[in-house]
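**Q**
2 protein chains.
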Amino acid sequence: MSDLEAVLARTEVNLESSLETLFDLVRVPSISTDPAHAADCRKAAQLLADYLARLGFAASVRDTIGHPMVVAHHEGASPDCPHFLFYGHYDVQPVDPLQLWTHPPFEPAIREAANGAKIITGRGTCDDKAQLLTFIEAVRAYKEVRGNLPIRLTVIFEGEEECGSPSAKPFLEANKEELKADYVLVCDTGMWNEDTPSICAGLRGLVGEEIKIFAASHDLHSGGYGGIAANPLHIIGRIVAGLHDDNGRVTLPGFYDGVEETPADLKAVWDGLERGMPHILDRVGLSIPVGEKNRSMLELNWARPTAEVNGISGGYAGEGFKTVIPAEATAKVSFRLVHKQDPIKIRESFRAYVRSKVPADCRVEFVEHGAAPAVQMPFDAPILDKTKQALLGEWSNPAIVTGGGGSIPIVGDFRTILGMDALLVGWGQADDRGHSPNEKYNLSSFQKGTRAWVRIIDAISTP
Amino acid sequence: MSDLEAVLARTEVNLESSLETLFDLVRVPSISTDPAHAADCRKAAQLLADYLARLGFAASVRDTIGHPMVVAHHEGASPDCPHFLFYGHYDVQPVDPLQLWTHPPFEPAIREAANGAKIITGRGTCDDKAQLLTFIEAVRAYKEVRGNLPIRLTVIFEGEEECGSPSAKPFLEANKEELKADYVLVCDTGMWNEDTPSICAGLRGLVGEEIKIFAASHDLHSGGYGGIAANPLHIIGRIVAGLHDDNGRVTLPGFYDGVEETPADLKAVWDGLERGMPHILDRVGLSIPVGEKNRSMLELNWARPTAEVNGISGGYAGEGFKTVIPAEATAKVSFRLVHKQDPIKIRESFRAYVRSKVPADCRVEFVEHGAAPAVQMPFDAPILDKTKQALLGEWSNPAIVTGGGGSIPIVGDFRTILGMDALLVGWGQADDRGHSPNEKYNLSSFQKGTRAWVRIIDAISTP
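Order-wise, the sequence lines are chains X and W. Quick note, the first sequence lines up with residues -16 to 446 if you use our numbering. Quick note, the second sequence lines up with residues -16 to 446 if you use our numbering.
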């Protein structure tokens, strides 16, 4: 057995205890958007710091303006080992609507899916607790087999990925020296399919905005004030309806400034991928793409910006009916950004647009929920090739280089503040339901993902 | 002391016990739109039936397909007394948002308002529990002073006024003979101001519709499906935004069929009233009317139809942010109808409009929440004159004849099914907050309203 194979084999020996660690972590409802779960976020951070300390890291939980960061350091086997910063996040999405969960979200277990596959169920399994653990368990196997690591390693786990990472910038600014490494490694993305890994070369940015429209001084009876008094739900309706034109383009002035056309060859590759796969909307029960015309859904997801309303509330939402004109109403709106779109300009453009729709006797308040630019990785970085080679050891299909539809705001900050590019690989599957009820992670993703990290660490350990 | 004055004086002697009866009734949270309060609705009905029985009525609580009706009969002093049907409703509006209430909604008390006036606080005081009791307490005073009533009386109290009166039609159909009288009396409206009573000659109809839009099979991550998958909140936004044109008119095809122009002389009276009063929107913190252009707010409220969105919910509404594309979203929409608008045709037109806005891969479900036509009273009915004269005894300002912005669906059914016209007088004030937090009823409305009913009963007791 080669030395690498011994490390790979060790991950299998460790599986049971690796899952125990994962379950302990998933049991903590570390919902970062909900202040009621602040203590749970800290608990998850402490649990990870303690675990890293047991593996030989110098690990600590570090306060921020929001939820704490976990920072840990480990020396390499020799002083000239390459130095990597591994990033993950321990916070998770809210779980509502809770009644749609088949199993309690914070009681993880191995279960059998309808297709017979073994899955790990629970909120945060796929996003991002099991994913980050595949890397840590690869590190653990190295330590247990060799007693050291072939790379120098800094680990950072944040607790605000799901709420726009407000603490990331100040924390990175304040700890530049400590966190600087050669390259960032991230495990928060997915595979192309179960047999084909994927390396993500771009990540969309994100701007989150909450608008509260205030009209009358109190809720009104629609029999007395209907057709007379401003209705904040009508105002929100007009704001929402005007965000897109009939061709699916976002109407905000300047919105497409900095958006680059996808290179023709890449577009051709993506078009080919899309033709060779089942219709993307099939798996969610839909069939008609709603976005910009004449673009593949892969391009829309990987290289085009969006505006989406994530929530509206106002007026009577209970059983039955109430003929009320509410005094206020709220909408949450988010924008996914690509390339060089400026999140601050887009926020300003959106706010100006909203203000233009609010009558003079009403009032609007804005609440900011994060603003991060997109990140685009260079396609010719040597680490990309090394990683592709390493992945060929675990899956026979070659890895596909893609864009990423989602956003990891801190990855933009790594680039902006610390000058580091990031390698994004992950083992999530299309049906993992990352932000939805019944989130899961395939047991095979956990096992093969851990092994893949062993291979990647080996491949990138030589300069 | 004349015989009438003895009855009037009796209402003052009775005040304390009248208020006890009212408080007992307000303490019952008879919220008809919420199935959780079904038992409370029955309790309120039983309480009223018991009280009427103690006053000498043959009273009973009668089952319906929904909340029960109270029906009670009392003979007149002689067989040729005119026969009236008095109508009120014991159900109340929901109380949310509860945190805006200064006093618990179901713990009624006499309190002092900011202007020094004595007010009765609690949900349902103004709409309609104290109002209906002013009539019953007038009846009680007659009984206690004379031992009989100068009119023959049937009383009906329903428990579904706030949820569209679904049981009214079948109940009236099934009990036509029993409920038929010469005229209906209703106490569920307001005064022009504290010194000027008002008689309502028209009531708008009401169509309530709930629409549920279903898109993806589950909530989606906006990073994965934004700009690709249909967002039901966008669909609802477009539906809401398209309901009105830039001139405040409702866009539904056929919506204005059956709407009559206000006669020029009446319009002139109403315009004069509006010029002589503070700006209607002042009292709710607004200043710009939103409805049809070039019409007074009084005309908009009394003689024009409306479309109002009463609630929207969908996506994430909690603290913070969640980048979700919800699988479904809901809107509650109501229409106030005037003159001969056909509620069924308007419902159909709205549903066709909504369907036209829903993409082929999404689905819409409709939930019906009542449909009632408007009612218009004849301006030359002798009972109108008698009532005006009677009211002059209680207030020195002559009563104003108005339209009514609100809707009392069952009053339409009295006309359609039982062939009866209705006299609508009430003692509510503009600041009573009928469907809002901190509902109240002026103690003076309760006292003078009871006395006014004594006078009206006297005036209409002769054919």
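Think of the CB as a built atom: it goes at the ideal place given N, C-alpha and C, for glycine as much as any other residue.
#1: Can you name the residues that DSSP bridges to His57/X?
#2: Phe197/W lies in the beta strand (DSSP E); which residues open and close that run?
#3: Name the chain X residues whose beta carbon is nearer than 7 Å to that of Cys146/W?
#4: Counting only Cβ-Cβ distances shorter than 8 Å, please list the residues of the region 213 to 240 of chain W near chain X, keeping chain order.
#5: So Thr289/X contacts chain W; which residues on that side make the cut at Cβ distance below 8 Å?
#6: With a threshold of 8 Å between beta-carbons, can Gly447/X be considered close to chain W, or not?
#7: Counting contacts by CB-CB distance shorter than 8 Å, is Met280/X in contact with chain W?
#8: Which residue from Ile393/X, Leu35/X and Pro180/X puts its Cα closest to that of Asn380/X?
#9: Using the C-alpha atoms, what's the distance from Ala157/W back to Arg45/W?
#10: When burial is assigned at 16 or more other CB atoms within 10 Å of the CB, is Asn293/X buried or exposed?
#11: What are the start and end residues of the alpha helix (DSSP H) that includes His262/W?
#12: What does His56/X reach in chain W if we use C-beta pairs closer than 9 Å?
#13: In terms of DSSP beta bridges, what is His72/W paired with?
#14: Could you tell me which chain X residues have their CB closer than 9 Å to the CB of Thr16/W, listed as they occur along the chain?
#15: Return the chain-ordered list of same chain residues with a C-beta closer than 8 Å to the C-beta of Asn214/W, the five sequence neighbours on each side being excluded.
#16: Within its chain, find whatever has a CB closer than 8 Å to the CB of Leu155/X; leave out the 5 residues flanking it on each side and keep chain order.
#17: Under 8 Å, CB to CB, which of the residues in the region 320 to 339 of chain W have a partner in chain X?
#18: Give me the residue from Gly297/W, Asp23/W, Thr306/W and Leu320/W with the minimum Cα distance to Thr289/W.
#19: Give me the chain X residues within the contact set of Leu68/W, using Cβ-Cβ distance strictly less than 7 Å, ordered along the chain.
#20: Going by DSSP, name the residue or residues bridged to Cys64/W.
#21: Would you please verify whether the beta carbon of Ile400/X is less than 8 Å from any beta carbon of chain W?
#22: DSSP beta-bridge partners for Gln82/X?
#23: Would you mind sorting Lys276/X into buried or exposed? The rule is 16 or more other CB atoms within 10 Å of its CB.
#24: Rounded to whole angstroms, what's the CA-CA distance from Gly411/W to Val122/W? Just pull it up for me.
#25: Quick one: does Val267/X have its CB under 8 Å from some CB of chain W?
#26: Going by the beta-carbon positions, is the gap between Ser15/X and Glu145/X smaller than 8 Å?
#27: Sort Gly255/W, Pro246/W, Leu203/W and Pro356/W by Cα distance to Gly298/W and report the nearest one.
#28: List the residues of chain X that Pro272/W touches, going by C-beta distances under 7 Å, in chain order.
#29: Can you tell me the Cα-Cα spacing of Pro149/X and Glu143/X, whole angstroms?
#30: Taking beta-carbon pairs under 9 Å, can you tell me which members of the region 244 to 267 of chain W lie near chain X?
#31: Applying the criterion that 16 or more other CB atoms from any shown protein chain within 10 Å of the CB defines a buried residue, is Ile93/X buried or exposed?
#32: Return the chain-ordered list of same chain residues with a C-beta closer than 7 Å to the C-beta of Pro88/X, the five sequence neighbours on each side being excluded.
#33: Should Lys315/X go down as buried or exposed, given a rule of 16 or more other Cβ atoms within 10 Å for buried?
#34: Along chain W, which residues have their Cβ under 7 Å away from the Cβ of Gln359/X?
#35: Quick check on Val341/X: does DSSP put it in helix, strand or coil?
#36: Does any CB atom of chain W fall closer than 8 Å to the CB of Gln76/X?
**A** The structure says:
#1: In the first sequence, the residue the question calls residue 57/X occupies position 74. As DSSP reads the structure, His57/X sits in a beta bridge with Leu136/X.
#2: Within the second sequence, residue 197/W is the residue found at index 214, counting from 1. Start and end: Gly188 to Phe197.
#3: The count along the second sequence starts at 1 and reaches residue 146/W at position 163. Gly303 and Phe304, listed in chain order.
#4: Taking 8 Å as the Cβ-Cβ cut-off, the region 213 to 240 of chain W approaches chain X at Ala213, Asn214, Leu216, His217, Ile219, Gly220, Arg221, Ile222, Val223, Ala224, Gly225, Leu226, His227 and Gly231, given in chain order.
#5: Mapped onto the first sequence, residue 289/X falls at position 306. Chain W residues near Thr289/X: Ser205, Gly209 and Gly210.
#6: Nothing in the structure corresponds to residue 447/X, since chain X is present only between -16 and 446.
#7: What you label residue 280/X is simply residue 297 of the first sequence in a count that begins at 1. It does; some Cβ of chain W falls within 8 Å.
#8: For the purposes of this step, residue 380/X is taken as residue 397 along the first sequence, with counting starting at 1. Residue Pro180/X is the option with its Cα nearest to Asn380/X.
#9: Sequence index remark: in the second sequence, residue 45/W carries index 62 (1-based). Sequence index remark: in the second sequence, residue 157/W carries index 174 (1-based). Their Cα atoms are separated by approximately 12 Å.
#10: Position 310 of the first sequence, counting from 1, holds the residue named residue 293/X. Buried, by the Cβ-count rule.
#11: Translated into the one-based positions of the second sequence, residue 262/W becomes position 279. First-last for His262/W: undefined, no H or E at that position.
#12: Within the first sequence, numbered from 1, the residue matching residue 56/X stands at position 73. Below the 9 Å Cβ cutoff, chain W contributes no neighbours of His56/X, its closest Cβ being approximately 31 Å away.
#13: The count along the second sequence starts at 1 and reaches residue 72/W at position 89. Per DSSP, Glu141/W.
#14: The sequence position of residue 16/W within the second sequence is 33, counting from 1. Result: Tyr299, Gly301, Glu302, Gly303, Phe304 and Lys305.
#15: By 1-based counting over the second sequence, the position of residue 214/W is 231. Closer than 8 Å at Cβ, skipping near neighbours: Ala198, Ile308 and Pro309.
#16: Position 172 of the first sequence holds residue 155/X. Same-chain partners within the cutoff: Leu162, Ile393, Asp396, Phe397, Ile400 and Leu401.
#17: Cβ contacts with chain X: none found.
#18: Taking the first residue of the second sequence as 1, we reach residue 289/W at position 306. Checked all of Gly297/W, Asp23/W, Thr306/W and Leu320/W; the closest Cα to Thr289/W is Leu320/W.
#19: For the purposes of this step, residue 68/W is identified with residue 85 of the second sequence, where counting begins at 1. Under the 7 Å cutoff, chain X gives no residues; its nearest Cβ is about 22 Å from Leu68/W.
#20: As a first step, residue 64/W must be located in the second sequence, where it is residue number 81. According to DSSP, which records beta bridges pairwise, Cys64/W is partnered with nothing at all.
#21: Here residue 400/X is taken as the residue at index 417 of the first sequence, counted from 1. Chain W, which has no Cβ nearer than 8 Å to the Cβ of Ile400/X, makes this no.
#22: Here residue 82/X corresponds to residue number 99 of the first sequence, with the count starting at 1. Paired residues: none, contrary to the question.
#23: Residue 276/X sits at position 293 when you count from the first residue of the first sequence. Result: exposed.
#24: Here residue 411/W refers to the residue found at position 428 of the second sequence. Here residue 122/W refers to the residue found at position 139 of the second sequence. Looking at the two C-alpha atoms, the distance is approximately 20 Å.
#25: The count along the first sequence starts at 1 and reaches residue 267/X at position 284. Interface residue, yes.
#26: Stepping through the first sequence from its first residue, residue 15/X is reached at position 32. Stepping through the first sequence from its first residue, residue 145/X is reached at position 162. Yes. Within cutoff.
#27: Taking the first residue of the second sequence as 1, we reach residue 298/W at position 315. The option with the nearest alpha carbon to Gly298/W is Leu203/W.
#28: Counting from one through the second sequence, the residue named residue 272/W turns up at place 289. Taking a Cβ-Cβ cut-off of 7 Å, the neighbours of Pro272/W in chain X comprise Ile211, given in sequence order.
#29: By 1-based counting over the first sequence, the position of residue 149/X is 166. By 1-based counting over the first sequence, the position of residue 143/X is 160. Taking the straight line from one Cα to the other gives about 7 Å.
#30: Cβ contacts with chain X come from Ile263, Leu264, Arg266 and Val267.
#31: For this step, residue 93/X is matched to residue 110 along the first sequence. It is exposed - the Cβ of Ile93/X has fewer than 16 other Cβ atoms within 10 Å.
#32: Position 105 of the first sequence, counted from the start, is the residue given in the question as residue 88/X. Result list for Pro88/X: Val78, Gly105 and Arg106, in chain order.
#33: The sequence position of residue 315/X within the first sequence is 332, counting from 1. Under this definition Lys315/X is a buried residue.
#34: Indexing the first sequence from 1 puts residue 359/X at position 376. In chain order: nothing, as chain W lies at least about 16 Å away.
#35: Translated into positions along the first sequence, residue 341/X becomes position 358. Correct three-state label for Val341/X: coil.
#36: In the first sequence, counting from the first residue as 1, residue 76/X sits at position 93. Yes, contact with chain W.
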